[in-house]
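These notes concern the structure reproduced below.
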Amino acid sequence: MGVSEATVSRVLNGKPGVSEATRQSVLTALDVLGYERPTQLRGERARLVGLVLPELQNPIFPAFAEVIGGALAQQGLTPVLCTQTKGGVSEADYVELLLQQQVSGVVFAGGLFAQADAPHDHYRLLAERRIPVVLVNASIDGLDFPCISCDDAVAVEQAWRHLASLGHERIGLVLGPGDHVPSRRKLAAAHAVAEAAGTELPEEYVERSMFSLEGGQAATGRLLERGVTGIICASDPLALGAVRAARRRGLAVPGDVSVVGFDDSAFMNCTEPPLTTVRQPIEAMGRAAVELLTAQIQGGEVPPGELLFEPELVVRGSTARRR
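Throughout the sequence shown, residue numbering follows the numbering used here, covering 995 to 1317 in sequence.
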């Protein structure tokens, strides 16, 4: 950290002669290293911010972490990365740990809040403690946390119209679980786009899966058996699974089947074929999330509700005109 023992001692004992910036750096170092603050300093909120992610295997989440973490550092805040692993620490347990560390706020970039049927008690606990919170890519009914989201309706509209322009009439969807809020929004948008085009989206053209390559492969296999030629996926890993499913059946992508992903996560331009996908504006969304959080930390009024960011269709090599 670059300060002397004497400086640390002055901070811990509340003595003068230390700048506010140095004082905050010492206290943040204590929090990061897990040391308890002296009794007289425990009432102060730490300059730590919890950054809670559901996983790191999907490259979209490390991308969000990089943007949000960098923006927090620019504000003099230290991100504490909390990542869930199977059989590991739960999201609710992470919230308890963050409260013990007296964090200044929490950013959730994906998580249980995006699942309508999941337990949300730990979010209510944060609201009761008046901890600043920002959610990324879904909101919670009944709680007034500000939220930053990619516009799922626009994303599906862009993907659907792209496939339709290539002559695809049997367009299917691979979505997340039934209670996944962004997937629900994508499904509603797909029905609306199909209706506006004078067609329907048959129920058998919609499959649900966990967000993994394997899940995408299994779900796409079922769609291909029903004659679907254009597939819109709710994430890039699902789309990569869709490409694998087509190839396992001897079908060419994009010659026989066109696939569109969602996120435009890292290296999607390096896959074979390069993946056509709908890009989330991660940089803008991440910075907006930090702006909303810091405004709350500084005592400003932040209106509740959801800010929607428009995505961008990125056309690459996994879509082509239907044969």
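The beta-carbon is built from N, C-alpha and C at its ideal position, and this holds for glycine as well.
Pop quiz: residue i and residue j are said to be a contact at Cβ under 8 Å. What is the actual Cβ separation, rounded to whole angstroms?
i, j, result
"L1045", "C1076", "7 Å"
"A1147", "R1118", "With 8 Å as the limit, A1147 and R1118 do not qualify as a contact, their Cβ atoms being about 28 Å apart."
"L1167", "Y1199", "7 Å"
"P1048", "Q1290", "With 8 Å as the limit, P1048 and Q1290 do not qualify as a contact, their Cβ atoms being about 23 Å apart."
"L1181", "A1188", "At roughly 11 Å, the Cβ-Cβ gap does not stay under 8 Å, so L1181 and A1188 are not in contact."
"P1248", "A1314", "4 Å"
"L1042", "V1097", "5 Å"
"D1323", "L1302", "Given a span of 995 to 1317 for the chain in the structure shown, any question on residue 1323 remains unanswerable."
"V1101", "V1128", "5 Å"
"Q1069", "T1265", "That pair is no contact at about 36 Å."
"E1304", "S1143", "With 8 Å as the limit, E1304 and S1143 do not qualify as a contact, their Cβ atoms being about 11 Å apart."
"T1223", "R1310", "That pair is no contact at about 18 Å."
"I1276", "F1139", "20 Å between Cβ atoms; not a contact."
"V1326", "A1183", "What is shown of the chain runs 995 to 1317, which leaves residue 1326 out entirely."
What does DSSP give as the partner residue(s) for residue i in the beta ladder?
i, result
"I1226", "L1167 and V1254"
"E1194", "None; E1194 has no bridge partner."
"R1202", "L1169"
"I1142", "V1130 and L1301"
"L1042", "T1072"
"F1103", "Checking the sequence shown, residue 1103 turns out to be Ala, not Phe. In the DSSP output, where bridge partners are listed per residue, A1103 has V1130."
"Q1109", "H1174"
Residue i lies in the beta strand (DSSP E); which residues open and close that run?
i, result
"G1221", "Element bounds for G1221: n/a, residue is neither H nor E."
"E1306", "E1306 to V1308"
"R1273", "T1270 to R1273"
"A1373", "With the chain running from 995 to 1317 in the structure shown, residue 1373 is simply not present."
"T1072", "T1072 to T1077"
"L1050", "Neither: L1050 is in no beta strand (DSSP E) and is coded neither H nor E."
The alpha helix (DSSP H) that contains residue i, what's its start and end?
i, result
"R1281", "I1276 to I1291"
"A1059", "I1054 to Q1068"
"V1089", "E1085 to Q1094"
"S1003", "E999 to L1006"
"E1122", "D1115 to E1122"
Got a sec: is the Cβ-Cβ distance from residue i to anything in chain C below 8 Å?
i, result
"S1003", "In the structure shown, chain C does not exist; there is a single protein chain."
Any heavy atom of the ligand FMN closer than 7 Å to the Cβ of residue i?
i, result
"Q1109", "Of the ligands one can find in the structure shown there are none, so the ligand FMN has no counterpart to examine."
Does the stretch 1052–1063 come within contact of the stretch 1277–1287, defined as at least 3 CB pairs closer than 8 Å?
-> yes
Validate contact between the stretch 1109–1116 and the stretch 1170–1180 using beta carbons, cut 8 Å, 3 pairs = In the pairwise beta carbon analysis, the stretch 1109–1116 is classified as touching the stretch 1170–1180: at least three pairs are separated by under 8 Å.
Within the chosen definition, does the stretch 1145–1160 reach the stretch 1090–1101 through at least 3 CB pairs nearer than 8 Å?
-> no
Should the stretch 1129–1139 be called in touch with the stretch 1156–1165, which here means at least 3 C-beta pairs below 8 Å?
-> no
Any contact of the stretch 1199–1219 with the stretch 1263–1277, i.e. 3+ C-beta pairs under 8 Å?
-> Counting Cβ pairs under 8 Å, fewer than three are found: no touch.
Do the stretch 1249–1264 and the stretch 1218–1228 meet, that is, are 3 or more Cβ pairs less than 8 Å apart?
-> yes
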